[in-house]
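Asker:
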Amino acid sequence: MKRILAVCLVALTLSSCAVQNKAVTLVTHDSFAISDELLKQYEKDTGNKLTLVRAGDAGAMTSKLVLTKDSPIADVMYGIDNTFSPVALENNIIDGSLVLIDYADVCFNVDLRYFKNNKLEIPTHWNQLVDPKYKNLTVIENPNTSSPGLAFLASTYSYFDSPITWWKKLKNNGVKVAASWEDAYYTDFSGSAGRGNYPIVLSYSSSPADEVDSQGKATTAALRQDCFRQNEYAGILKNAKNPRAAKTVIDFLQSNSFQASMPENMFVYPTADVALPKAWQQNAQPALTTIGGDLDIPANRDKWLADFNLVFDVAP
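Each residue of the sequence shown is one higher than the last, beginning at 111 in this note's numbering.
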C-alpha cells in the first residue's frame, strides 16, 4: 500500500510540474507583433501556453525589468536593443547571454505628399532640420524612454564634437518630443495612418515599405545618410519561473517562420537568411551610411541624457 501511495505521489508531482511547464510569459516592447497562426504554431509545437506582456518602448521596458528583477514580470524578454542593453547587463537582469533577433536602421522619414503639395525641398540629411524652412515640421522620440530616441541622441554625439548647440537650434525650430515611437509615428507623423501635423519623423529606413499607394509606390521616404544601426535582442530573465520554456521562446524567435514574419509585422530586418517581401525589396533599403557604432554608450549615456533633458526641459 505504501509503495502504491508513493507511486501516486510521484505521479502527482510530475503532473504538477508538467502543468507548471506549460505556462511561459514573454515581455516585449509595444511594437512586438505576432500573428495568431504563428502563436498557435508555437503552442502546438512546444505544448507551452505563451502569454504576452507589453511594457512600453524599449527604454520603459528596460526600466521596469530592472525594478522587478527580484520578482520578474515574465520568463523571457524580447526588444532590448544595443542602446539599452548596457542597462540590462549592468543590473544583471539576464540569465546568460542576450541573443540577437533582428536589426533596423534608425533614420528620419519624410511625408512625400506634404513636401510636394507645399513645394518644399526635401532635406537630404538630418543636420538640415534646424533650417528655418523646416520649422515646426519634425517630431522625435524622448531618449529617456525610447530606443530610437536614444539611438538618435547617440548619433548626434558621433556626428558633432559637441551637439548641444545643434539640439538648442532644433528645439528653437519647433521640434516635438514624443514619449514613444508609436506616438511619434502613428499619431504625430502626417505620412502615417494617424495623419498628424508633422511631415518629418524619427523612425526607420524600413518604414516606407508600410506606406505604399495603390500603384505600389511608397508615399514616404527615409533619409538614409548617417543613420544608427539598432540591434534587438531576446534573453531569459534572471529568477524566471520557467527558464526551460523561456528557451523555447527564444528558439521560436530565431526560427525561419517567425523571422520571415518580422519585416511586414514589425518593420525590422531578420537575422535569419529568409526572403524579404517584395515591398521591402523596393521600399525598405538599409541605411547608406551608419554612425555611432563605435560609441561607448554605457560610459556616456547618463551625461548625454542629462544634456538632452536640460535643453528640452524634460524629466528623466
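Every residue gets a Cβ at the ideal spot worked out from N, C-alpha and C, and that includes glycine.
1) Smallest Cα separation from P318: which of R305, G306, G301?
2) Are the beta-carbon atoms belonging to A214 and G189 less than 7 Å from one another?
3) Apply the 10 Å Cβ neighbour rule to N366 and answer buried if 16 or more other Cβ atoms are within range, or exposed otherwise.
4) Alpha carbon to alpha carbon, how far is P426 from V249? Give it in angstroms, no decimals.
5) Could you pull out every residue in the same chain whose Cβ sits closer than 6 Å to the Cβ of V186, ignoring the five residues on either side in sequence?
6) Using only alpha-carbon positions, find the residue among S371, S265, A394, V378 that is nearest to E147.
7) Is it right to say P408 is buried, meaning 16 or more other beta carbons lie within 10 angstroms of its own, or is it exposed?
8) Exposed or buried, which one is P380 when buried takes at least 16 other CB atoms within 10 Å?
9) How about F422 and K281: are their beta carbons less than 7 Å apart?
10) Whole-angstrom Cβ separation of F194 and T172, contact assumed at under 8 Å?
11) Comparing alpha-carbon positions, which option in Y152, P387, A261 lies nearest V216?
12) Look at the alpha carbon of L333 and the alpha carbon of N228, and state the distance between them as a whole number of angstroms.
13) May I ask you to verify whether the segment 322 to 333 touches the segment 268 to 285, counting CB pairs closer than 8 Å and requiring at least 3?
14) Can you find the residues in the same chain that come closer than 7 Å, C-beta to C-beta, to L415, ignoring five residues on each side of it along the sequence?
Answerer: Looking at the coordinates:
1) Taking the first residue of the sequence shown as position 1, residue 318 is located at position 208. Nearest C-alpha to P318: G301.
2) Position 104 of the sequence shown, counted from the start, is the residue given in the question as residue 214. Position 79 of the sequence shown, counted from the start, is the residue given in the question as residue 189. Against a cut-off of 7 Å, the Cβ pair of G189 and A214 comes out as no contact.
3) In the sequence shown, residue 366 corresponds to position 256, counting from 1. Looking at its Cβ environment, which holds fewer than 16 other Cβ atoms inside 10 Å, N366 is exposed.
4) Your numbering for residue 249 matches position 139 in the sequence shown. Your numbering for residue 426 matches position 316 in the sequence shown. If I take the Cα positions, the gap works out to 19 Å.
5) For the purposes of this step, residue 186 is taken as the residue at position 76 of the sequence shown. Once the five neighbours on either side are set aside, the close Cβ partners of V186 are L136, I346, A356, V359.
6) On the sequence shown, residue 147 is found 37 positions in, with the first residue counted as 1. That would be S371, whose Cα lies nearest to the Cα of E147.
7) As a working mapping, residue 408 is identified with position 298 in the sequence shown. Flag for P408 reads exposed.
8) Along the sequence shown, read from residue 1 onward, the residue named residue 380 stands at position 270. The residue is buried, with at least 16 neighbouring Cβ atoms inside 10 Å.
9) Position 312 of the sequence shown, counted from the start, is the residue given in the question as residue 422. Position 171 of the sequence shown, counted from the start, is the residue given in the question as residue 281. Yes, the Cβ-Cβ distance between F422 and K281 is below 7 Å.
10) As a working note, residue 194 is residue 84 in the sequence shown. As a working note, residue 172 is residue 62 in the sequence shown. About 4 Å separates the two Cβ atoms, so the contact holds.
11) Walking along the sequence shown from the start, residue 216 turns up at place 106. If we check each option's Cα against that of V216, A261 comes out closest.
12) If you number the sequence shown from 1, residue 333 lands on position 223. If you number the sequence shown from 1, residue 228 lands on position 118. Their backbone Cα atoms lie some 19 Å apart in a straight line.
13) no
14) Here residue 415 refers to the residue found at position 305 when the sequence shown is read from its first residue. Result list for L415: P253, N254, P426, in chain order.
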